[in-house]
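Asker: With the numbering used here, letter number 17 in the sequence shown gets 18, and the count goes up by one each step, no holes.
Note that CB positions come from ideal geometry on N, CA and C, so glycine has one too.
Please read all numbers here as calculations on a predicted model, not as lab measurements.
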Amino acid sequence: MRITLTSIFVDDQAKALDFYTRVLGFEKRADEPAGGARWLTVGNPGEAGGVELLLEPSGHPAVQPFKEALVSDGIPFNSFAVEDVQAEYERLLALGVEFTQPPTQMGPVTTAVFSDTCGNLLQIAAMNS
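#1: Ignore the nearest five residues each way along the sequence and tell me which others in GLU53's own chain have a CB closer than 6 Å to its CB.
#2: Could you tell me the distance, in whole angstroms, from the CA atom of ASP32 to the CA atom of ARG39?
#3: Under three-state DSSP, which class holds PRO109?
#4: Alpha carbon to alpha carbon, how far is ILE4 from ASP74? Give it in angstroms, no decimals.
#5: Report all residues from its chain with a CB closer than 7 Å to the CB of PRO109; omit the five preceding and five following residues, and keep chain order.
#6: Give me the Cβ distance between PRO104 and TYR90, rounded to the nearest whole Å; I'm assuming they're in contact under 8 Å.
#7: Starting from the N-terminal side, write out each stretch of the alpha helix (DSSP H) that is 4 residues or longer and does not extend beyond the region 47 to 84.
#8: Measuring straight from C-alpha to C-alpha, what distance separates GLN124 and HIS61?
#9: Once the 5 residues before and after SER8 are set aside, which same chain residues still bring their CB inside 8 Å of it?
#10: Measure the alpha-carbon distance for SER59 versus VAL24 and round it to whole angstroms.
#11: Measure from the alpha carbon of VAL98 to the alpha carbon of each residue in PHE115, PRO34 and SER80, then state which is nearest.
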């Protein structure tokens, strides 16, 4: 068994696609009509067949309260690995990304938390050397 697809609820699929590709650097994998929305996925550049992230519409009534509770408590919905949290933090800041937690060492890892502009907090993390 292996993970092939995971999802994140987004308020606006077009805005999310722009943020996750242009700002975060993922590449679009799938973009197909799906009812009133799109089956829209992104993945790591150059990793065809790798894990995909579904940019899922936030339409279900339970989603908005769930997302708001996580943001209110400062809890990131997903975490992405980076080589250097400080360098990625500075790159994202230069692109206008809003952070709720600057790079912070937490035992064996350093993390930073930011808004994805679509109602979620995300975390970047790297193992300390």
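Answerer: Judging by the given coordinates:
#1: LEU6, ARG30, THR42 and GLY44
#2: 6 Å
#3: Here PRO109 carries a coil assignment [DSSP, helix/strand/coil].
#4: 27 Å
#5: MET128 and ASN129
#6: Going by Cβ atoms, the distance from PRO104 to TYR90 rounds to 5 Å, so yes, they are a contact pair.
#7: 64 to 73
#8: 24 Å
#9: LEU54, LEU55, LEU56 and GLU57
#10: 21 Å
#11: It is PHE115 whose Cα lies nearest to the Cα of VAL98.
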